[in-house]
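Written below as structure tokens is the structure these notes are about.
Residue numbers (the numbering used here): 106 to 685.
The following block contains the structure:
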């Protein structure tokens, strides 16, 4: 039993769940009514269009979030898809028994939950009187259906994969593919989904730095507008963190959007990060606060430099003489652990500050190249001026590469992360969906969920304008190229296309103008375009170019990149994309 008296007092539902054997193992449930109310208030402007819709509710659990949303939207149907009725039926039964209830409880296999054909066959998309039927196929947003799901902490076995993948990731892939192909629920028009998932699972879908941008996030960017509604800050010890200057700039832009759209976050739901003093010249480091606390503690004499000894106790058999230069040598006096730690962190800080200064000096040369690159794309540029800029670019690019040779491997890695994050943020709109958010996420507390965990809520909204229209084969190529390039080699360039097929780099890249267009995230020097900063538009262009490539390998051979054959491609391709 995992509840405590404090939780029972604060959230009465916890007491009921704790009384059910192993309930905490089957699902992480939302137990805070206040959190539900705050989420609905935050989403109210966009939820208004779903009033009277059909809610497809996957894994409703104890039903608190379900009932709160139900009361606000007053749906014509609310379909509860709960596979663990042996645990949750006592919680859901009052909803089913209420006078005039629009709730319907179903227990289907997971493979059926996301298939609208089954819903149509059972009349679940009709209105309460049995009329209406499924909505017509349309390219306009389908507001008559709203999908809500709770996949926090759940995993799912994928054929061909050695370990179970995160269910939230797999369903996000399914949802995104359905948007691309207008299949599944997207057959009836772009359909929205609100998904609760483990907070740690959101990073792969909605990264806050290009360093964590991979196959899943590119998949989301191409087909969806994804926003974090509830969440926890990324762990301070994350291996990859973006420099604070960009985070502050992003927050300022979001604050402006919130003001323009009159979006207000309750004080209790704000992160409060604005109180921190930032050094814009440095990369974020998790030990900064520790060093700051130690420095303050030393100044306030919370600890001393030397360990105290009893006054009568001689050191090395004799008392040190007053003013002796060796009185406090390492052999005679012990430094306190706090002072040792402070000195160690000072040494690390000094060394890394020198490194950052060196990196920033080299980066300034890259920024100069980028400005010249933009100048090359002016509409009024003359041929002679264009030739002069190209000659100057070639010289500066070679000079920049010579500078890189003088850096260590670790310094290069840091430089590339800084460069990619800065360019991604400078794009219009920014490359990362995190930087396009309409508002800051609502902060939550662990005890607002049972069992007590960090849970996030993501809002999946399909893009209504299909910028990346593809045939089914081009879609395979999109998957192949993005999955192959966005592997563990985070600093790989587009030259790695040759690992998919000989000659692919030389044949495909010239067919994608965006790769060399700085206005679209590209560069004159395509060798400096790292794959983690390749935009969905570029991946789309590469997929189309591959399809038009005269010497492309057969699609059956292409799909062997996913360890499968043509007919088995869908399931294993999904697993390959989900594997991070």
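Cβ atoms here follow ideal geometry from the backbone N, Cα and C, with glycine treated the same way.
Keep in mind that this is a model prediction, so the values were computed, not measured.
Item	Value
Cβ separation of residue 643 and residue 617, assumed to be a contact under 8 Å, to the nearest whole Å	6 Å
Status (buried if at least 16 other CB within 10 Å, exposed otherwise) for residue 525	buried
Validate contact between the segment 301-320 and the segment 485-498 using beta carbons, cut 8 Å, 3 pairs	no
Alpha-carbon to alpha-carbon, residue 150 and residue 89	The chain is shown from 106 up to 685; residue 89 falls before or after that span and cannot be answered.
CA nearest to the CA of residue 365, picked from 322, 544, 302, 564	544
Cβ pair residue 564, residue 334 closer than 8 Å	yes
Simplified DSSP assignment, three categories, for residue 532	coil
Burial state of residue 290 (16 or more Cβ within 10 Å)	buried
Residue 301, DSSP secondary structure in three states	strand
Reduced DSSP secondary structure (H/G/I, E/B, other) of residue 629	coil
Beta-carbon spacing of residue 448, residue 396 below 8 Å	no
When 138, 283, 299, 272 are compared against residue 693, the one with the closest alpha-carbon	No answer is possible for residue 693: the residues shown for the chain start at 106 and end at 685.
Per-residue burial, residue 160 [other beta carbons within 10 Å of its own, 16 or more giving buried]	buried
Residues near residue 142 in its chain [Cβ-Cβ closer than 8 Å; skip 5 each side]	173
Close-in-space but distant-in-sequence residues of the same chain around residue 112 (CB under 7 Å, 5 per side omitted)	Residue placement at residue 112 is flagged as unreliable, the pLDDT there being 40, under the threshold of 50; a coordinate-derived value is accordingly withheld.
Short Cβ contact (8 Å threshold) for residue 329 with residue 281	yes
Limits of the beta strand (DSSP E) - the one that residue 565 falls within	560-567
Environment of residue 271 [buried if 16+ CB atoms lie within 10 Å]	buried
Burial state of residue 116 (16 or more Cβ within 10 Å)	buried
Contacting residues, own chain, Cβ-Cβ under 7 Å from residue 529 (five flanking each side not counted)	315, 535, 536, 537, 638
Assigned secondary structure, residue 331 (DSSP; H/G/I helix, E/B strand, else coil)	strand
Residue 550 burial status per 10 Å Cβ neighbour count (16 or more: buried)	exposed
Contained beta strand (DSSP E) runs [length at least 3] in the segment 347-380, N- to C-terminal order	none
Sequence-distant residues of its chain with Cβ nearer than 7 Å to residue 502 (five each side left out)	474, 630
Beta-carbon proximity of residue 285 to residue 580, cut-off 8 Å	yes
Candidates 298, 208, 224: closest to residue 247 by CA position	298
Straight-line gap, residue 466 to residue 628 (C-alpha atoms, nearest Å)	20 Å
Pairwise C-alpha distance: residue 470 and residue 507	11 Å
8 Å Cβ shell around residue 276 - same chain, five flanking residues per side excluded	219, 254, 256, 300
Backbone CA spacing between residue 363 and residue 227 [nearest angstrom]	42 Å
Exposure label - residue 513; buried when at least 16 CB within 10 Å	exposed
Same chain, Cβ closer than 7 Å to residue 374, five either side skipped, listed in chain order	143, 547, 548
Cβ pair residue 295, residue 607 closer than 8 Å	no
Reduced DSSP secondary structure (H/G/I, E/B, other) of residue 435	With a pLDDT of 47 at residue 435, under the threshold of 50, the modelled position of that residue is not reliable, and the figure given next carries that caveat. Residue state, collapsed to three classes: coil.
Identity of the residue in 500, 183, 648, 641 nearest residue 168 by Cα	183
Same chain, Cβ closer than 8 Å to residue 451, neighbours up to 5 away in sequence not counted	396
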